[in-house]
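If you're matching them up, the sequences are chains A and B in order. Residues 1 to 253 (the UniProt record's numbering) make up the first sequence, in order. Residues 1 to 253 (the UniProt record's numbering) make up the second sequence, in order. Yeah, the Cβ is synthetic: ideal placement off N, Cα and C, and Gly gets one too. Note that this is a predicted model, so its numbers are computed, not measured. Take a look at the structure below.
Number of protein chains: 2
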Amino acid sequence: MTTKEEPPSRALATQLRAKIQRGDYAPGEKLPSERTLAAEYGIARNTAAEAVRLLAEEGLVTRQHGKGNFVRGEQALIRLGSDRYSPKYRESGLSPFLLECEKQGKVGRFEVLSVEKIRSPEWVADELGVENGSNVLERENVFWASDDPVYRVTTYVPWGIAKGSGLLRDEIPHKYGIHGIFEDKGYVMARIRESVKTRMPTPEEAEHLQLPSGVPVLEVVHTSLTAEQTAYEVTRFVMRGDMSGLLYNMPVE
Amino acid sequence: MTTKEEPPSRALATQLRAKIQRGDYAPGEKLPSERTLAAEYGIARNTAAEAVRLLAEEGLVTRQHGKGNFVRGEQALIRLGSDRYSPKYRESGLSPFLLECEKQGKVGRFEVLSVEKIRSPEWVADELGVENGSNVLERENVFWASDDPVYRVTTYVPWGIAKGSGLLRDEIPHKYGIHGIFEDKGYVMARIRESVKTRMPTPEEAEHLQLPSGVPVLEVVHTSLTAEQTAYEVTRFVMRGDMSGLLYNMPVE
DNA sequence: TAGTGGTCTAGACCACTGG
DNA sequence: CAGTGGTCTAGACCACTAT
Numbered sequence: 001m002t003t004k005e006e007p008p009s010r011a012l013a014t015q016l017r018a019k020i021q022r023g024d025y026a027p028g029e030k031l032p033s034e035r036t037l038a039a040e041y042g043i044a045r046n047t048a049a050e051a052v053r054l055l056a057e058e059g060l061v062t063r064q065h066g067k068g069n070f071v072r073g074e075q076a077l078i079r080l081g082s083d084r085y086s087p088k089y090r091e092s093g094l095s096p097f098l099l100e101c102e103k104q105g106k107v108g109r110f111e112v113l114s115v116e117k118i119r120s121p122e123w124v125a126d127e128l129g130v131e132n133g134s135n136v137l138e139r140e141n142v143f144w145a146s147d148d149p150v151y152r153v154t155t156y157v158p159w160g161i162a163k164g165s166g167l168l169r170d171e172i173p174h175k176y177g178i179h180g181i182f183e184d185k186g187y188v189m190a191r192i193r194e195s196v197k198t199r200m201p202t203p204e205e206a207e208h209l210q211l212p213s214g215v216p217v218l219e220v221v222h223t224s225l226t227a228e229q230t231a232y233e234v235t236r237f238v239m240r241g242d243m244s245g246l247l248y249n250m251p252v253e
Numbered sequence: 001m002t003t004k005e006e007p008p009s010r011a012l013a014t015q016l017r018a019k020i021q022r023g024d025y026a027p028g029e030k031l032p033s034e035r036t037l038a039a040e041y042g043i044a045r046n047t048a049a050e051a052v053r054l055l056a057e058e059g060l061v062t063r064q065h066g067k068g069n070f071v072r073g074e075q076a077l078i079r080l081g082s083d084r085y086s087p088k089y090r091e092s093g094l095s096p097f098l099l100e101c102e103k104q105g106k107v108g109r110f111e112v113l114s115v116e117k118i119r120s121p122e123w124v125a126d127e128l129g130v131e132n133g134s135n136v137l138e139r140e141n142v143f144w145a146s147d148d149p150v151y152r153v154t155t156y157v158p159w160g161i162a163k164g165s166g167l168l169r170d171e172i173p174h175k176y177g178i179h180g181i182f183e184d185k186g187y188v189m190a191r192i193r194e195s196v197k198t199r200m201p202t203p204e205e206a207e208h209l210q211l212p213s214g215v216p217v218l219e220v221v222h223t224s225l226t227a228e229q230t231a232y233e234v235t236r237f238v239m240r241g242d243m244s245g246l247l248y249n250m251p252v253e
């Protein structure tokens, strides 16, 4: 007996989970239909569906309306490394994100959703060390790996820095991108500060990132600092958890 | 109309979500009972329960058998910083984990679950740069913040390093803990490498960490390196997402 | 059109919590 | 004990996918 006295839906979930982990159902494979499972186990269809839902919440199974329930295959993670701002990527013209996508046979690209002047939310003001509610530039982007949206990214820059610069345009008019513009204005990245947490997506995020149930997001808040410890840019990444990860490599100080 | 043509369970979920976010139901507050909701909205109890379940999956609500459904309050995060291995914590005798707990009025402690000699799993061998299946020491711990288990931690050390050392004992016989022992043997931490990802907990992890549904975990794999880039220790953290986060602060190289 | 999941109903009984 | 969630049943109809 796997466990003692599990109710039918959980018992079925336990059996299916074991079969998945044992490889009886391979990644990508379709599970028996809920009606079939119900008949085989002598339970109501609702109860079989409940078992499948439990597995979906664990991230083991994806449910597809009209098609069936499928074993979720492990996705290769697109790892954003702590060296992603390193000058070494400059000349190649390739960003770490694009490199990672390529490594996996995908096509990376990003899309500008909006560029606006807004009043800073409190957490942005805190990170930037400016007054709460002061003007900041907000740029919103989506990063795609082939047809999957993987990151939802929002960048904030103090208005005093952004004003009159190429940052206001949709297409960044600089060979080295957004950070090229900062450097031209004298803001050279010396340190970065990043906070990481995880949570379930809001319904809105789930829609934007096309997330099935059972997939959390990583929320990363990145701050760029000059050698004088001046914060000149904050970026918030919302990353789909099943396709992304982080990699840090740093000295102990 | 919030959306068009939502089915009853989702419609109720949408309404409750709005009330929660608006503060009509405060954090910690009890929602109306499922039977009450069902009566008020003219739907079956199952349907009302389904709405609540949706909110639980999003992490907004915690369901408590026999008591009721409650709005989940934001937990203060225990942030493990990248400086947690910094020598500056040495003399104080306080670890960053304990400091964070204290800051929140909690009592931090940890418990040793097991200390064993095993054959290295593949990922451990890869991180340590040793042969797959070679002997390693495995130490398993749980970290508590007052009565909540927050991290499940497993450390691996090449057997050649661990053999005959204090690492084999349950209680580490060194004033500076496990890393004190490494240093005495000539392994001084010069760099760290950490990979971070998120996922839903396995049922086992959910039980160990006492996780309600709608709470993902952070999985961090930490590797300690000497100045010569020799990896001498790997640790895997499984952290409950609603109570923990990470904080990195590092130079751009 | 047939097959699959999405969802609902109405009623039932069990299991847990708290007085 | 009463109140609450946990779960099940049996049947129904809808919505989506594929042929």
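Does residue i come out as helix, strand or coil in the three-state DSSP assignment?
i	result
Lys-88 (chain A)	helix
Thr-2 (chain A)	Below a pLDDT of 50, predicted positions are generally treated as unreliable, and Thr-2 (chain A), at 46, falls in that range; no measurement from the model is reported.
Val-196 (chain A)	strand
Ile-118 (chain B)	strand
Gly-166 (chain A)	helix
Ala-26 (chain A)	coil
Glu-138 (chain B)	strand
Glu-209 (chain B)	In the sequence on display, residue 209 (chain B) carries Leu and not Glu. Coil, per DSSP.
Pro-251 (chain B)	strand
Asn-69 (chain A)	strand
Pro-173 (chain B)	coil
Ile-43 (chain A)	coil
Gln-229 (chain A)	coil
Ala-48 (chain A)	helix
Pro-158 (chain A)	strand
Pro-149 (chain B)	strand
Thr-14 (chain A)	helix
So is residue i in contact with chain B if we call contact Cβ pairs under 7 angstroms?
i	result
Val-52 (chain A)	no
Lys-197 (chain A)	yes
Met-1 (chain A)	With a pLDDT of 41 at Met-1 (chain A), under the threshold of 50, the modelled position of that residue is not reliable, and the figure given next carries that caveat. Met-1 (chain A) does not count as touching chain B.
Tyr-151 (chain A)	no
Pro-27 (chain A)	no
Tyr-85 (chain A)	yes
Met-243 (chain A)	no
Glu-91 (chain A)	no
residue 263 (chain A)	The shown model of chain A, from 1 to 253, leaves out residue 263 (chain A), and the question about it has no answer.
Gly-66 (chain A)	no
Tyr-248 (chain A)	yes
Arg-193 (chain A)	yes
Glu-58 (chain A)	yes
Leu-12 (chain A)	no
Do you know offhand how far residue i's Cα is from residue j's?
i	j	result
Arg-109 (chain B)	Glu-140 (chain B)	14 angstroms
Pro-32 (chain A)	Glu-74 (chain B)	39 angstroms
Ile-118 (chain B)	Val-196 (chain B)	25 angstroms
Arg-35 (chain A)	Ala-18 (chain B)	35 angstroms
Gly-68 (chain B)	Glu-40 (chain B)	17 angstroms
Gly-164 (chain B)	Pro-251 (chain B)	37 angstroms
Gly-23 (chain B)	Leu-137 (chain B)	50 angstroms
Glu-58 (chain B)	Ile-181 (chain B)	44 angstroms
Glu-207 (chain B)	Arg-90 (chain A)	47 angstroms
Leu-77 (chain B)	Thr-198 (chain A)	11 angstroms
Ile-161 (chain A)	Trp-159 (chain B)	54 angstroms
Glu-5 (chain B)	Leu-225 (chain A)	48 angstroms
His-65 (chain A)	Ala-125 (chain A)	44 angstroms
Could you tell me whether any Cβ in chain A is nearer than 7 angstroms to the Cβ of residue i?
i	result
Gly-160 (chain B)	no
Val-252 (chain B)	yes
Leu-31 (chain B)	no
Pro-212 (chain B)	no
residue 254 (chain B)	Within the shown structure, residues of chain B are numbered from 1 to 253, placing residue 254 (chain B) beyond reach of any answer.
Pro-216 (chain B)	yes
Within 10 angstroms of its Cβ, does residue i collect 16 or more other Cβ (buried), or is it exposed?
i	result
Pro-7 (chain B)	exposed
Val-157 (chain B)	buried
Ser-120 (chain A)	buried
Lys-185 (chain A)	exposed
Ser-114 (chain A)	exposed
Val-71 (chain A)	buried
Arg-236 (chain B)	buried
Val-153 (chain A)	buried
His-222 (chain A)	buried
Any heavy atom of the ligand NAP closer than 6 angstroms to the beta-carbon of residue i?
i	result
Lys-88 (chain B)	In terms of ligand content, the structure shown is empty, and the ligand NAP therefore cannot be addressed.
Stretch-stretch touch, CB-based, cutoff 8 angstroms, three pairs: the stretch 130-139 of chain B with the stretch 211-225 of chain B: Of all C-beta pairs linking the stretch 130-139 of chain B to the stretch 211-225 of chain B, fewer than three are shorter than 8 angstroms, placing the two stretches out of contact.
Validate contact between the stretch 143-151 of chain A and the stretch 94-108 of chain A using beta carbons, cut 8 angstroms, 3 pairs: For the pair of segments examined, the stretch 143-151 of chain A was found to touch the stretch 94-108 of chain A: the number of CB pairs separated by less than 8 angstroms reaches three.
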